[in-house]
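Notes to accompany the following structure.
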């Protein structure tokens with residue numbers, strides 16, 4: 799076994815991803831969304847496609863927590879805590 803194979807992180811298979819092939823979508827987004835995508839691209843050094851995937855993933859986590867679980871979203875920085883209201 800090669801060193802690369804030995805040191806590769808274990809990845810869990812996601813059965814849902816294996817069943818459903820990726821879909822190509824075409825959407826129009828506003829300037830705020832473009833700025834958010836550009837920030838992720840610049841800060842994390844990823845492609846536009848990966849930035850979209852990450853922001854959708856983050857949004858899904860927040861959406862499920864708030865809309866399905868009834869959770870509150872709090873942003874804590876040092877001694878300051880702010881509540882985020884999701885409509």
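Numbering (the working numbering), first residue to last: 799 to 885. Every residue gets a Cβ at the ideal spot worked out from N, C-alpha and C, and that includes glycine. Here the structure is a predicted model, which is why all the values come from computation and not from measurement.
Check, Outcome
"Assign residue 849 to one of two classes, buried (16 or more other C-beta atoms within 10 Å of its C-beta) or exposed (fewer than that).", "buried"
"Provide the residue span of the alpha helix (DSSP H) that contains residue 873, from first to last.", "Not the alpha helix (DSSP H): residue 873 falls in the beta strand (DSSP E), residues 871–875."
"Can you tell me the Cα-Cα spacing of residue 839 and residue 873, whole angstroms?", "23 Å"
"Considering only the alpha carbon of each residue, which of 880, 841 and 831 lies closest to residue 857?", "831"
"In terms of residues, what are the limits of the beta strand (DSSP E) holding residue 827?", "First-last for residue 827: undefined, no H or E at that position."
"Opposite residue 831 in the DSSP bridges: which residues?", "Answer is none; residue 831 lacks a bridge partner."
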